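The block underneath contains the structure these notes are about, expressed in structure tokens.
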DNA sequence: TAGATTGTTAATCGATTAACAATC
DNA sequence: TAGATTGTTAATCGATTAACAATC
């Protein structure tokens, strides 16, 4: 209805998912001292279409490319990080400090993506009170209190499937708005809650299916 | 050119990714004793479109639904598992037994998806020779030997970014055809090699971006 | 200048949703 | 039978790719 402002130039979901890969690659170039890069070169390196690369850049970057030379690597990085929100930190809580939970806690890279896991929560008394990579494991009873007090809106569910819905309901009641769900169940939530499901086993299984299919195709 | 056989009824990438979720839900229904389910009910439960559900089922299932009642839960499960290849086991190797590698090794669920991690490989002498959840951690020098002897075609890369390409090259030379890559770098491979990239931090960051965006939208 | 690269408009491709006849 | 559900064809929506004028 009103004229388009910067934020409303829509970007496709798929393009959004490509951004972290661009960023990864651009940072590598930057560390190697490359200052200017052309879309066709990036497309070649990342196995993408060059027009797609240019369109993706146009969607997130305020600074334009220069005909004959290309884009400024550092400006692209800056614009992309700004766009993706890597420049201001979001806090999150983790529920379930099993092996997956531990792996997530010990992952050092979240900071680069503007994320910080504040603490983990678990019901197992044998690990409650301990520290994992500098993050404390707190009793589940403190979950709501912490979320509210620290104004946290993102939670990671890494509990067994049969506990996930109950944890989810509790999180919603504590003001959590976005949930990264590793439990293999569909969570029922109010409309305004964002749930992103991750199923590692399924993702690996799809790779193996692709492989089998392309194999049998070759035999035709 | 020739008439379409069963295998060539193409299925969309997106539909393929929905399959594990259907399967998850159908199995839950099955365990609760539900024998017949209608597409609209599934769509409602999983927040999907009912026509989409029917189309997805048609793409993978030999048995049709019955007007007025719906689909047989157990037949759907059977057909889907068959289609996804969960009924014959694929072996895989894991490279890098750090915290992520350990979490993957300790995950018990891969078997349900037709997958088996045969062994882990690492260069760190302090963990080589140990066992993690019943899987041995072997020295990297044995990688090629094992892959060839056991005829393994799938590998999981869970090593630091700066080692990933070297590991990848080695894997390709050992006959690996599909790679599940957790290292935050783009891997260069020959055309016939399938690489599936997983970037956990990026995926969480996108959730947080969505959240911020939908928040600022509400304020308009 | 000539030529490589840019940004944008149009065409194509793919996936979802709507419409509707067929069925139990 | 009436009505809910099915499967399929057509319409819509969204994303990618091709074509091309503008630029340095």
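Residue numbers (our numbering), protein chains in the order written: chain A, 3 to 222; chain B, 3 to 222. Cβ coordinates follow ideal geometry from the N, Cα and C atoms, glycine included. All figures in this text were calculated on a predicted structure; none of them were measured in a lab.
Item                                                                                                                                                                               : Value
Closer than 9 Å, Cβ to Cβ, to anything on chain A: give me those residues from the segment 11-23 of chain B, in chain order.                                                       : 18, 19, 21, 22, 23
Spatial neighbours of residue 144(A) within its chain, please: C-beta separation below 8 Å, excluding the five flanking residues on both sides.                                    : 123
Near residue 209(A), what residues of its chain come up, given a Cβ to Cβ distance below 7 Å and the 5 sequence neighbours on each side ignored?                                   : none
Would you please verify whether the beta carbon of residue 202(B) is less than 8 Å from any beta carbon of chain A?                                                                : yes
Roughly how many angstroms lie between the CA atoms of residue 90(A) and residue 116(A), to the nearest whole one?                                                                 : 6 Å
Which whole runs of the beta strand (DSSP E) in the segment 137-165 of chain B are 3 residues long or more, in chain order?                                                        : 137-141, 156-159
Assign residue 152(B) to buried or exposed, taking buried as 16 or more other Cβ atoms, counted over all protein chains shown, within 10 Å of its Cβ.                              : exposed
If you draw a straight line from the alpha carbon of residue 22(B) to that of residue 114(B), how long is it in whole angstroms?                                                   : 11 Å
Rounded to a whole number of angstroms, what is the C-alpha to C-alpha distance between residue 126(B) and residue 162(A)?                                                         : 31 Å
Measuring only the C-alpha atoms, how far is residue 54(B) from residue 120(A)?                                                                                                    : 39 Å
Within the segment 91-136 of chain B, note down every full beta strand (DSSP E) run reaching 3 residues or more, in order along the chain.                                         : 92-97, 117-124
Which bits of chain A does residue 156(B) rub up against, with CB to CB less than 9 Å?                                                                                             : 206, 209, 210, 213
Can you give me the C-alpha to C-alpha distance between residue 10(A) and residue 57(A), rounded to a whole angstrom?                                                              : Low confidence applies to residue 10(A): its pLDDT is 43, below 50, so where it sits in the model is not reliable, and the reading given next is rough at best. Each residue's alpha carbon lies about 15 Å from the other.
Within the same chain, show all residues whose beta-carbon is closer than 8 Å to that of residue 167(B), passing over the 5 residues directly before and after it, in chain order. : 187, 189, 190
For residue 51(B), does the three-state DSSP call read helix, strand or coil?                                                                                                      : coil
Check whether the Cβ atoms of residue 79(B) and residue 159(B) lie closer than 8 Å to each other.                                                                                  : no
Could you give the DSSP three-state label for residue 173(A): helix, strand or coil?                                                                                               : helix
Are residue 65(A) and residue 71(A) touching if we call contact CB-CB under 8 Å?                                                                                                   : no
Tell me, please, whether the CB atom of residue 87(B) is closer than 8 Å to any CB atom in chain A?                                                                                : yes
Closest Cβ-Cβ distance between residue 101(A) and chain B: below 8 Å?                                                                                                              : yes
Three-state secondary structure (DSSP) at residue 194(B)?                                                                                                                          : coil
So, helix, strand or coil for residue 76(A), using DSSP?                                                                                                                           : helix
Please classify residue 155(B) as buried or exposed, where buried requires at least 16 neighbouring CB atoms within 10 angstroms.                                                  : buried
Against chain A, does residue 92(B) count as a neighbour if the rule is that its beta carbon must be under 8 Å from one of theirs?                                                 : yes
Can you find the residues in the same chain that come closer than 7 Å, C-beta to C-beta, to residue 42(B), ignoring five residues on each side of it along the sequence?           : 52
Applying a beta-carbon distance threshold of less than 8 Å, which residues of chain A neighbour residue 1(B)?                                                                      : Residue numbering for chain B in the displayed model covers 3 to 222; residue 1(B) lies beyond these limits and cannot be assessed.
What's the call for residue 217(B), buried or exposed, on a 16-neighbour Cβ count within 10 Å?                                                                                     : exposed
Anything in the segment 30-62 of chain B with a Cβ closer than 9 Å to a Cβ of chain A? List those residues in chain order, please.                                                 : 30, 47, 48, 49
Check distances from the C-beta atoms of the segment 111-144 of chain B to those of chain A and list, in chain order, the residues that come in under 8 Å.                         : 111, 112, 114, 115, 116, 117
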